[in-house]
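Asker: Just so you know, the sequence shown maps onto residues 2 to 398 in the numbering used here.
A single structure is presented below for examination.
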Amino acid sequence: MALSSLFRSSSQPKQASGSDGILSMPSARAILLSSVGCMLVLSLLMVASASIPFALSRGMTELHFFKNQLLYMMIGLTVATVSYYSVSLRTLYKTETQFILLGITGMLLVATLFSTPINGSKRWLNLGVFNFQVAELAKLVMIVFVSDFVVRRSFEVRNGLDGFLRIMLVVALITMLLLSQPDFGSFVVILGTIFAIFYIAGAPYKHFLALGAAAIGGAVLMVTTAQYRLVRVMSFMDPFDDVQDTDYQLARSLIAFGRGQFTGVGYGESVQKLSHLPEAHTDFLLALQGKSALLGLPMVLVLEALIIGSAMRISYNALKRRQMRMSYTAFGIGVVFIAQTIINAAMNMGAIPTKGLTMPFFSYGGSSMLISLVMVALLLKIYKESPEIEKSQCRYY
């Protein structure tokens with residue numbers, strides 16, 4: 002069943018109203034911007050607190066990582082602003098996305114073959130200011146590419162395997178590059194987002210069953226054939242059986258949550274950041290937030306939920322205007338935020354094996370911050386141009 006039929010309450014499409022629901026179009030932008038702004042401030046506060054011992058232990062200034070995070074935000078906001086004002090949606094969708102996809106594939110290949118390993122992975126290109134993780138850009142490119150593809154090839158997507166197989170060929174190439182870096186987490190997010198867009202575009206259920214079974218089989222094979230993945234799974238099964246070695250990171254994260262309890266220990270008072278939880282300012286920053294602040298974990302998750310809800314509302318209103326490319330794009334961005342929020346939170350709480358995925362707008366890191374802010378700019382662009390396109394009666398989108 003296509004997304005259009007899920008939200009259709011009559012045989013005729015409804016006109017998008019500007020005042021339907023708490024996340025209606027006039028308020029969606031305000032909620033999106035205010036939630037992202039709060040997340041950025043919260044990120045700076047927590048990175049500043051969590052990274053000081055780590056920075057001092059490596060001979061850096063106390064606020065080294067805080068200044069870096071602030072720089073990443075400034076770069077991200079600048080790129081997002083330029084993108085918002087200089088790139089139209091018509092240009093975005095009418096650009097040959099195949100060439101963009103080819104460029105991303107080439108960047109992944111260069112990163113895999115020639116980049117300097119960081120923590121055992123070759124995922125980053127050195128841009129001077131910071132190391133850029135190409136997989137983050139691949140997420141955005143795949144959203145736009147697949148959103149355009151399922152509209153152009155809608156008959157194939159809904160009535161046969163051709164549409165699925167075409168996309169799976171692209172996914173297979175990107176998958177090989179991501180897994181060779183290795184970056185299993187980004188692969189899961191990209192594949193899940195593609196599946197979600199295909200599902201709402203009306204792809205038959207049987208395709209998902211077959212591909213889902215293949216994906217599960219492939220995941221089991223990858224875990225059992227890679228020692229470090231197997232170790233992570235075993236640590237997840239019992240996070241306290243080897244707390245001085247393989248289980249150290251996860252065990253310390255769980256201890257941080259436990260010590261914080263309901264009220265938290267207060268900002269800057271967490272002892273886990275004193276090198277007890279290594280590199281706590283990165284993927285495990287949420288654990289320190291849960292320990293330090295009153296209802297710290299719900300605070301972050303509520304803000305993420307507001308961002309995701311705004312994306313979905315923008316998608317829904319574009320759908321009601323029959324602007325399918327724009328609707329699928331906003332939906333895909335929301336799915337990426339959902340996936341990374343759930344995976345990062347679950348990883349911090351020991352609900353799934355550890356993965357190198359950031360909490361959007363919160364965790365330390367330049368690549369994730371940059372692309373997340375560009376995604377927000379794209380959501381705002383869809384929000385702005387959707388009513389204008391409806392008035393012009395253009396059916397391309």
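We put the beta carbon where it would ideally sit given N, CA and C, even for glycine.
Fair warning: this is a prediction, and the values are worked out from it, not measured in the lab.
Return helix, strand or coil for I334, following the three-state DSSP convention.
Answerer: helix
Asker: Counting only the same chain and skipping the five closest in sequence on each side, list residues whose C-beta sits under 7 Å from that of S387.
Answerer: N318, A319, R322, Q324, M327
Asker: Quick one: give me the first and last residue of the alpha helix (DSSP H) that Q70 is part of.
Answerer: 65-87
Asker: Check for me: the beta strand (DSSP E) holding L126 runs from which residue to which?
Answerer: 125-127
Asker: Buried or exposed, going by whether 16 or more other CB atoms sit within 10 Å of the CB of A173?
Answerer: So A173 ends up on the exposed side.
Asker: Give the single residue among A139, Y365, F362, I119 whose Cα lies nearest to the Cα of M108.
Answerer: That would be A139, whose Cα lies nearest to the Cα of M108.
Asker: Any chance you could list the beta strand (DSSP E) runs of at least 3 consecutive residues sitting entirely within the segment 132-219, in chain order?
Answerer: Counting only unbroken stretches of 3 or more residues, the beta strand (DSSP E) elements lying wholly within the segment 132-219 are 132-134, in sequence order.
Asker: Which residues in the same chain have their Cβ closer than 6 Å to the Cβ of A29, if we skip the five residues on either side of it in sequence?
Answerer: S311, R314, I315
Asker: For Y73, I'd like the list of residues in its chain whose CB is within less than 6 Å of its CB, leaving aside the five on either flank, ordered along the chain.
Answerer: G367, M370
Asker: Taking M177 as the reference, which of L192, A31, F165 has the closest Cα?
Answerer: L192
Asker: For a quick check, are the C-beta atoms of V375 and S36 less than 9 Å apart?
Answerer: no
Asker: My guess is that Q70 and Y365 are in contact by the Cβ rule of under 8 Å, so how many angstroms apart are they, rounded?
Answerer: About 6 Å separates the two Cβ atoms, so the contact holds.
Asker: Taking Y93 as the reference, which of A340, L379, K385, E389 has the closest Cα?
Answerer: A small correction: the amino acid at residue 93 is Leu; Tyr does not occupy that position in the sequence shown. Looking at the Cα atoms, L379 is the closest of the given residues.
Asker: For Y329, which residues from the same chain have a beta carbon less than 6 Å from its beta carbon, with the 5 sequence-adjacent residues on both sides left out?
Answerer: S148, I198
Asker: L307 and I32 - do their beta-carbons sit closer together than 9 Å?
Answerer: yes
Asker: DSSP three-state call for S122: helix, strand or coil?
Answerer: strand
Asker: For the alpha helix (DSSP H) containing L93, list its first residue and its last residue.
Answerer: It spans 90-95 - the alpha helix (DSSP H) in which L93 sits, taken as one unbroken run.
Asker: Please state whether DSSP places I308 in a helix, a strand or coil.
Answerer: helix
Asker: Below 8 Å CB to CB, which residues in the same chain sit around I344 once its five sequence neighbours on both sides are set aside?
Answerer: G186, V189, V190, I353, K356, L358
Asker: Select from K385, P361, Y86, L103 the residue whose C-alpha is nearest the C-alpha of M40.
Answerer: Here the closest residue by C-alpha is P361.
Asker: Could you tell me the alpha carbon to alpha carbon distance between A112 and R91, rounded to whole angstroms?
Answerer: 31 Å
Asker: Suppose you measure from the CA of F332 to the CA of F55; what does that come to, to the nearest Å?
Answerer: When rounded, the distance between both Cα atoms is 38 Å.
Asker: What number of angstroms, rounded off, separates the C-alpha of V158 from the C-alpha of D184?
Answerer: Approximately 28 Å between the Cα atoms of the pair.
Asker: Would you grab the beta carbon distance between I168 and I195 for me? Rounded to a whole angstrom, and I think it's under 8 Å.
Answerer: Taking C-beta atoms under 8 Å as the contact rule, I168 and I195 qualify, at a distance of about 6 Å.
Asker: Return the CA-CA distance between L212 and V171, expressed in angstroms with no decimal places.
Answerer: 15 Å
Asker: Applying the 10 Å Cβ sphere with the 16-neighbour rule, what's the burial state of M348?
Answerer: buried
Asker: Tell me which residues share the same chain as V377 and place their Cβ nearer than 7 Å to its Cβ, disregarding the 5 neighbours each side in the sequence.
Answerer: L33, V37, A81
Asker: For G164, which option in P205, V130, L298, Q341 has the closest C-alpha, if you only look at C-alpha atoms?
Answerer: For the residues P205, V130, L298, Q341, the minimum Cα distance to G164 belongs to P205.
Asker: Less than 6 Å between C-beta atoms, sequence neighbours within five positions excluded: which residues of the same chain meet that for Q182?
Answerer: T113, S122, K123, R124
Asker: Closest by CA to L298, which one among V336, T342, I334, E63?
Answerer: T342
Asker: Whole angstroms is fine: what's the gap from I399's alpha carbon to S58's?
Answerer: As displayed, the chain neither begins before 2 nor continues past 398, which places residue 399 out of reach and without an answer.
Asker: Taking just the CA atoms, how far does G161 sit from A214?
Answerer: 18 Å
Asker: In its own chain, which residues sit with a C-beta less than 6 Å from the C-beta of T62, not counting the 5 before and 5 after it?
Answerer: none
Asker: Tell me which same chain residues have a C-beta within less than 6 Å of the C-beta of M350, skipping the five on either side of it?
Answerer: If we look at M350 and ignore the five residues flanking it on each side, it has no Cβ neighbours.
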